[in-house]
Amino acid sequence: FMPELYRENSRESSVYYRDYLNTYVEKDLREMLEVKNLDKFLRFLTLLAGRVGQVVNLSSMSGDVGVSSATLSQWLSVLEASYIVYKLQPYFSNISKRHTKSPKIYFTEIGLASYLLGIETENQANRDPLRGNLFENLIVSEVLKSRLNENKTPQLFYMRTEKGIEVDLIIKKENALYPIEIKTSMTPNRSFSKNLLSFVDAEENAKNPKIIYTGQSYPQFNGVEYVNFKDTKNYQMF
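FYI, in our numbering the residues of the sequence shown are 9 to 246.
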């Protein structure tokens, strides 16, 4: 989504994102939404960055921003339409009849979310309390980009039940469901596969459960495949 950042002699990323926001907010957004208070919109965008990988409650955010939840809903729709944010919809599994029914929010460009949070270096990112959420955002956005670049409908979901069973990412291709767990850990752990295996047992069309993490890739460990997040070919396998 941001090819300029990967060219030789590219601008400093923080300068690029600053200029990008200025252009997007000052020009494009003003025309699309007739936003009267740009500071409030930027406040909303920053709050969204702090909630990546989470279900967003616009009603509770309206008080923090100072505008109605209806206005926030309109702003969020425009952010989604302009590919700034992506809403990951819930999948309703056979595991339970009670699921979270609201989408989770992700930024399509993880660098923009990090910039809004004041994160400029790798060391900062590793120490940030949102490290796990940002890493999850990175993986979801890479899968999303891979699907879109191949001109495929994304068909991406997540699952969370009232009993705490959660699958971070579910990729639907034709009739098959590919469940993925996303971890910042560098070491495999048997507990990581619990929800994936429960999902595979409950869903007839579920197959090839994977854990994308920061450690070494393993074809098989405790019934699931472990994939290093830098192994980009895995984002194109669906």
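For glycine and all other residues, C-beta sits at the position ideal for the given N, C-alpha and C.
Exposure of residue i, with buried meaning 16 or more beta-carbon neighbours within 10 Å
| i | result |
| --- | --- |
| Glu158 | exposed |
| Glu20 | exposed |
| Leu152 | buried |
| Glu130 | exposed |
| Val60 | buried |
| Leu53 | buried |
| Ser154 | buried |
| Pro187 | buried |
| Leu138 | buried |
Member of the options whose CA lies at the smallest distance from the CA of residue i
| i | options | result |
| --- | --- | --- |
| Thr108 | Gln62, Gly71, Asn236, Glu144 | Gln62 |
| Pro196 | Phe229, Asp239, Ser81, Asp27 | Phe229 |
| Glu150 | Arg59, Glu39, Lys238, Leu53 | Lys238 |
| Glu189 | Tyr24, Asn141, Thr161, Glu128 | Asn141 |
| Tyr28 | Gly126, Ile92, Val73 | Ile92 |
| Leu80 | Lys112, Leu41, Ser101, Ser110 | Leu41 |
| Val23 | Val64, Gly126, Asn102 | Gly126 |
| Asn236 | Leu205, Lys215, Ser193, Ala133 | Ser193 |
| Ile219 | Ser206, Ser201, Phe207 | Ser201 |
| Lys112 | Ser90, Val64, Gln224, Leu46 | Val64 |
| Ser110 | Thr169, Pro217, Tyr221 | Thr169 |
Length of the line joining the Cα atoms of residue i and residue j
| i | j | result |
| --- | --- | --- |
| Ser122 | Ala57 | 7 Å |
| Gln163 | Ala184 | 11 Å |
| Gly231 | Lys191 | 17 Å |
| Met167 | Asn30 | 36 Å |
| Lys215 | Gly223 | 22 Å |
| Arg26 | Arg51 | 14 Å |
| Arg135 | Ala78 | 35 Å |
| Tyr221 | Ala133 | 16 Å |
| Ser68 | Lys44 | 21 Å |
| Lys160 | Lys241 | 16 Å |
| Gln82 | Leu66 | 11 Å |
Sequence-distant residues of the same chain with beta carbon closer than 8 Å to residue i, five excluded per side
| i | result |
| --- | --- |
| Tyr226 | Pro196, Glu233, Tyr234 |
| Phe115 | Leu56, Ala57, Val60, Ile92, Val93, Tyr94, Ala121, Asn145, Ser149 |
| Tyr32 | Ser90, Ile92 |
| Leu156 | Pro162 |
CB contact check: residue i to chain D, cutoff 8 Å
| i | result |
| --- | --- |
| Ala214 | The question asks about chain D, but that chain is absent: this structure has only one protein chain. |
Cβ-based neighbour list, residue i, same chain, cut-off 7 Å, excluding 5 preceding and 5 following
| i | result |
| --- | --- |
| Ser199 | none |
| Asn203 | Ile173, Glu174, Val175, Glu189 |
| Asn102 | Ala210, Glu211 |
| Val75 | Lys48 |
| Glu128 | Ser22 |
| Leu46 | Val33 |
| Ser70 | Ser76, Ser77, Leu80 |
| Asp72 | Leu55 |
| Glu182 | none |
Same chain only: Cβ atoms within 6 Å of residue i, ignoring 5 sequence neighbours per side
| i | result |
| --- | --- |
| Phe165 | Gln97, Tyr99, Ile178 |
| Phe9 | Residue placement at Phe9 cannot be trusted, given a pLDDT of 47 that sits under 50; the coordinates are not used to answer. |
| Pro217 | Pro187, Leu204, Val208, Val232 |
query: Three or more C-beta pairs closer than 8 Å, one from the segment 203–216 and one from the segment 174–187: is that the case here?
result: yes
message: Under 8 Å, with one C-beta from each stretch per pair, do the segment 110–127 and the segment 140–147 reach the 3-pair mark?
response: yes
task: Please confirm if the segment 79–89 is in contact with the segment 31–46, defined as three or more CB-CB distances below 8 Å between the two stretches.
output: yes
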